[in-house]
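Undergrad: Numbering (the UniProt record's numbering), first residue to last: 1 to 336.
Cβ coordinates follow ideal geometry from the N, Cα and C atoms, glycine included.
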């Protein structure tokens, strides 16, 4: 199997794994809106190795690894790779989950979450808490690598309670990973303050000295495609990972798009609703979709009022009806 990390364009652009965000339905929307060649890698939602290895839990979490046929077609057409992100603290469960992903899914690679700062996972010794447990972190990487030939990456931060870029990143560079995505904050900051790209640049220097074959991906506070290009050039990273920037602009990966009209925004909102409804039906809480509505309802007359109405919908049909009513009123000049 060829390792896509060896042939990925520089700088690469990826959409960060995000809870209740990067499921197959939203990834499909991002693929629909992207400009050819401007997005290279997508990630699944966080998937628990404990859940995947539990007889009951497996059925509850495996939906996180779902890839719709329509998404598969777009991934192939647009030459975008897709990576499953997994988390936990038991190396044996990583081994089993990695084997399942390689055997039963169409993911192109596996990523280990050593960066999520959320307290309820950190208190159990998972995700960014592994920064304070370097030996266990290495054991997890080795177990995952042994399980499969799929390319392996790690997503992490520059520290847990304090910045430890040099010791922590050097440690990871001594493991058999293909890529390392680094968020420029410590766990304690969560998403507060500014991401420190100078620390990410320090990681690039360490990589150059210790493991030149490993790709370094920078993450944190990238609000536009152009800013991503600038950061890649300034700090020397091989790629840029975008997180919350996608909420400011669903056409993030179409930098040449220009101004987006109200009709385009509402058409994409409707399409996202359709894909979500077709994919999940009643399997997922509709409130998960409602959180996305704000990214489509801004920058036009009546946007705020429409958003308020949409936040009270409970199914796809209600969304379609409200959009139709709003469009009809706006065409007649009577915005509610």
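1. Between residue 240 and residue 160, what straight-line distance do the alpha-carbon atoms span, to the nearest angstrom?
2. Kindly indicate which residue of 320, 301 and 317 has the alpha-carbon position closest to the one of residue 331.
3. Is it buried or exposed, residue 152, if we count other Cβ atoms within 10 angstroms and call 16 or more buried?
4. Could you name the residues that DSSP lists as bridge partners for residue 47?
5. Inspect the CB distances between the region 110-118 and the region 126-133 and report whether three or more fall short of 8 Å.
6. Quick check on residue 398: buried or exposed, where buried means 16 or more other Cβ atoms within 10 Å of its Cβ?
7. Under three-state DSSP, which class holds residue 175?
8. Here's the rule: buried if 16 or more other CB atoms are within 10 angstroms of the residue's CB, otherwise exposed. What is residue 297?
9. Going by other Cβ atoms of all chains shown within 10 Å of its Cβ, with 16 needed for buried, is residue 77 buried or exposed?
10. Taking all protein chains shown into account, decide if residue 233 is buried (16 or more other Cβ within 10 angstroms of its Cβ) or exposed.
11. Report the rounded CA-to-CA distance for residue 170 versus residue 231, giving the unit in angstroms.
12. Just the Cα atoms here: how many angstroms apart are residue 20 and residue 201?
13. Tell me which residue opens and which closes the beta strand (DSSP E) that residue 114 is part of.
14. List the DSSP bridge partners of residue 12.
TA: On the basis of the supplied data:
1. What you label residue 240 is simply residue 240 of the chain shown in a count that begins at 1. What you label residue 160 is simply residue 160 of the chain shown in a count that begins at 1. Using only the alpha carbons, I get a separation of about 22 Å.
2. Against the chain shown, residue 331 aligns to sequence position 331. Selected option, being the one with the closest Cα: 301.
3. Within the chain shown, residue 152 is the residue found at index 152, counting from 1. Residue 152 is classed as buried because its beta carbon has at least 16 other beta carbons within 10 Å across all chains shown.
4. The residue you call residue 47 lines up with position 47 of the chain shown. Under DSSP, residue 47 shares a beta bridge with 86.
5. With a cut-off of 8 Å, the region 126-133 and the region 110-118 count as touching, because enough Cβ pairs lie within range.
6. The requested residue 398 does not occur in the structure, where the chain is confined to residues 1 to 336.
7. What you label residue 175 is simply residue 175 of the chain shown in a count that begins at 1. In the structure shown, residue 175 sits in coil (DSSP, three-state: anything other than H, G, I, E or B).
8. Looking up residue 297 in the chain shown gives position 297. So residue 297 ends up on the buried side.
9. Locating residue 77 in the chain shown gives position 77, counting from the first residue. Exposed: under 16 other Cβ atoms inside 10 Å.
10. Sequence index remark: in the chain shown, residue 233 carries index 233 (1-based). By the neighbour-count rule (16 or more Cβ atoms within 10 Å), residue 233 is not buried but exposed.
11. As a position in the chain shown, residue 170 is number 170, starting the count at 1. As a position in the chain shown, residue 231 is number 231, starting the count at 1. Rounded to whole angstroms, residue 170 to residue 231 spans 22 Å at the Cα level.
12. Stepping through the chain shown from its first residue, residue 20 is reached at position 20. Stepping through the chain shown from its first residue, residue 201 is reached at position 201. Residue 20 and residue 201: Cα-Cα distance of roughly 30 Å.
13. Against the chain shown, residue 114 aligns to sequence position 114. Residues 109-114.
14. Taking the chain shown and counting its residues from 1, one reaches residue 12 at position 12. For residue 12, which the question treats as bridged, DSSP gives the partners 239.
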